[in-house]
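**Q** Quick note, this note's numbering runs 98 ahead of the 1-based positions in the sequence shown.
We put the beta carbon where it would ideally sit given N, CA and C, even for glycine.
Predicted, not measured: the structure shown is a model, and the values here were computed from it.
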Amino acid sequence: MFSLRTLPARGARVSLSTRTLTSKSTRPFSILLRHNTPATPHQTIPSRTSNTFFQSQFSSPIPSIQRQYSAKSSADSIIEEIQDQYAVARDEFEISTEETEKKSVYAQADREAAREELDKLKEMYEKALQGSDAEEIKSRIGNRIRELDHAVQALEESAQEH
Numbered sequence: 099m100f101s102l103r104t105l106p107a108r109g110a111r112v113s114l115s116t117r118t119l120t121s122k123s124t125r126p127f128s129i130l131l132r133h134n135t136p137a138t139p140h141q142t143i144p145s146r147t148s149n150t151f152f153q154s155q156f157s158s159p160i161p162s163i164q165r166q167y168s169a170k171s172s173a174d175s176i177i178e179e180i181q182d183q184y185a186v187a188r189d190e191f192e193i194s195t196e197e198t199e200k201k202s203v204y205a206q207a208d209r210e211a212a213r214e215e216l217d218k219l220k221e222m223y224e225k226a227l228q229g230s231d232a233e234e235i236k237s238r239i240g241n242r243i244r245e246l247d248h249a250v251q252a253l254e255e256s257a258q259e260h
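Shown next, in the form of structure tokens:
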């Protein structure tokens with residue numbers, strides 16, 4: 099870092115703080131730090147870079163605190179995969195809805211893409227329901243899949259009517 103201060107002036111930072119603390123007054127130096135005790139001559143505060151200050155304050159090493167995390171259940175990992183696929187299927191559904199409302203030339207292809215992603219999602223879901231965590235998976239994500247399935251069916255029916 100470039101400094102315009104001269105070399106003796108750069109070293110004055112330490113002496114400036116020392117001069118402030120070695121005041122001959124009887125006024126308290128700091129209400130917060132000294133709890134209304136008067137400043138005494140030649141009183142200094144250890145520098146922040148001094149390791150001896152911290153070693154004297156904390157003579158024993160700080161114990162490391164290790165937090166034990168619970169392991170994910172097999173249902174959690176399966177549900178994460180299903181939720182990722184759900185997000186993809188939901189995005190495709192939203193795109194196909196917009197294109198269908200606009201009556202664009204891409205609406206049919208977008209509805210087919212939404213149906214494909216929904217079918218992948220339903221396949222993953224059905225496969226997950228065959229496992230040992232079927233009830234937990236069904237209760238946590240089953241309603242959202244059914245809602246998306248009904249929404250895609252309604253979109254396809256509304257597109258056929260028009």
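1. For F156 and K170, I'd like the C-alpha separation in whole angstroms.
2. If you compare alpha carbons, which of I239, D217, L216 is closest to L227?
3. On the premise that D247 lies in contact with I176, defined as a C-beta separation below 8 Å, what is that separation, rounded to the nearest angstrom?
4. For A249, collect the residues of the same chain with a Cβ closer than 7 Å to its Cβ; drop the 5 residues on either side in sequence, then sort them by chain order.
5. Which ranges would you report for the alpha helix (DSSP H) in the segment 192-228 if only whole runs of at least 4 residues count?
6. Does the Cβ of A252 have 16 or more other Cβ atoms within 10 Å, making it buried, or fewer, making it exposed?
7. As a quick exercise: from H260, A212, S256, E234, pick the residue whose alpha carbon is nearest that of A187.
**A** A quick look at the data gives this:
1. One-based indexing of the sequence shown puts residue 156 at position 58. One-based indexing of the sequence shown puts residue 170 at position 72. Low per-residue confidence applies at F156: pLDDT is 49, beneath 50, and the placement is therefore not dependable, though the value from the model is reported in the following sentence. Looking at the two C-alpha atoms, the distance is approximately 38 Å.
2. In the sequence shown, counting from the first residue as 1, residue 227 sits at position 129. The shortest C-alpha separation from L227 is found at I239.
3. Taking the first residue of the sequence shown as 1, we reach residue 176 at position 78. Taking the first residue of the sequence shown as 1, we reach residue 247 at position 149. About 19 Å; that fails the 8 Å criterion.
4. Locating residue 249 in the sequence shown gives position 151, counting from the first residue. So the qualifying residues of the chain are F191.
5. 205-227
6. As a first step, residue 252 is located in the sequence shown; it is residue number 154 there, counting from the start. Classification for A252: exposed.
7. Within the sequence shown, numbered from 1, the residue matching residue 187 stands at position 89. Taking only the C-alpha atoms, the option nearest A187 is A212.
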